[in-house]
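Note that our numbering has the sequence shown beginning at 4, numbered continuously upward. Quick reminder that beta carbons are idealized off the backbone N, C-alpha and C, glycines included. Every value quoted in this text rests on a predicted model; they were computed, and no experiment measured them. Encoded as structure tokens, the structure appears first; notes follow it.
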Amino acid sequence: MDWQKIVIHHSASPVAVRRGGQVVPVNAAMIREWHLTKGWSDIGYHFVILPDGSCESGRPLYRPGAHCIASNRNFCGIGICLVGNFSETEVPDVQLRGLGAKVQALLAAYHLQVQDVELHREVPGAATECPGRYFPADLLEKELQEMFCVAGSGKSGGSQAARVSDIW
Ligand SMILES: [Zn+2]
């Protein structure tokens with residue numbers, strides 16, 4: 004795959020569901036189940052960011068995703084899903100930091116720029132609120148720009164890096 008974009012989504016779901024009298028967290032395995040129920044071959048996203056900021060792998064990166072039909076993004080965009088419904092609640096700081104770390108790693112791995120990171124709703128042709136009206140797009144962009152500068156400047160910049168990690 005020739006990945007050129009990173010597309011951010013939310014699961015638009017609770018962070019946990021009740022099953023057989025037990026509360027079960029929503030994670031990549033559960034989203035995979037939901038997507039298999041739709042008749043898909045696998046989870047649609049390549050990565051899932053849990054509420055605690057940890058990242059789970061979804062569909063392998065050697066396969067196109069099933070997360071954004073608009074603008075051919077399934078074939079050129081890596082799909083990352085944050086568990087939660089950010090049309091109803093704000094993104095926890097720790098989850099946003101986990102997203103930032105994963106996105107930064109992918110930008111470096113695929114030689115992409117901060118402007119290649121898109122929210123689902125920003126993709127031309129997409130008609131959605133995803134990843135939710137409370138998703139802090141400005142904060143994500145600002146922090147990625149700072150991370151990118153730190154990573155790309157070649158300076159040791161210890162204090163600057165520390166400052167970024169404090170924020171994230
Ligand atoms: Zn989406």
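heavy atom of ligand 1 below 7 Å from residue i C-beta
i      : result
Cys133 : yes
His49  : no
His38  : no
His123 : yes
His114 : no
Spatial neighbours of residue i in its chain, beta-carbon cut-off 8 Å, leaving aside the 5 residues before and after
i      : result
Leu64  : Met4, Trp6, His49 and Ile81
Val173 : The structure shown has nothing for residue 173, since the chain only spans 4 to 171.
Phe151 : Gln107, Leu110, Gln116 and Val117
Ser159 : In this prediction, Ser159 has a pLDDT of 44, which is less than 50 and means its spatial position is unreliable; what the coordinates show is noted afterwards. Excluding sequence neighbours, Ser159 sits near nothing in its chain.
Arg35  : Asp45, Ile46 and Gly61
Where residue i falls, given that 16 or more other Cβ within 10 Å makes a residue buried
i      : result
Ser14  : buried
His38  : buried
Gly128 : exposed
Gly47  : buried
Lys41  : exposed
Lys145 : exposed
His123 : buried
Ile52  : buried
Gly23  : exposed
His114 : exposed
Ala112 : exposed
Ala31  : buried
Where the alpha helix (DSSP H) through residue i begins and ends
i      : result
Gln107 : Asp96 to Ala112
Cys133 : Premise fails: Cys133 is in no alpha helix (DSSP H) and is neither H nor E.
Same chain only: Cβ atoms within 6 Å of residue i, ignoring 5 sequence neighbours per side
i      : result
Gly56  : Val97, Gln98, Arg100 and Gly101
Ala165 : The pLDDT assigned to Ala165 is 42, lower than 50, so where the model puts this residue is not dependable, and the model offers no usable value.
Ile83  : Ile11 and Phe50
Bounding residues of the beta strand (DSSP E) (the contiguous stretch that carries residue i)
i      : result
Cys84  : Gly80 to Leu85
Glu121 : Val120 to Leu122
Glu59  : Cys58 to Ser60
Gly10  : According to the sequence displayed, residue 10 carries Val and not Gly. Taken as a continuous stretch (DSSP letters only), the beta strand (DSSP E) holding Val10 covers Lys8 to His13.
Residues near residue i in its chain [Cβ-Cβ closer than 7 Å; skip 5 each side]
i      : result
Pro134 : Ile11, His12, His13, Leu85, Phe89, Leu122 and His123
Run through the segment 15–55 for me and flag every whole alpha helix (DSSP H) of 4 or more residues, listed as ranges in chain order. Given a length threshold of 4 residues, each whole run of the alpha helix (DSSP H) inside the segment 15–55 is given here in chain order: 31–40.
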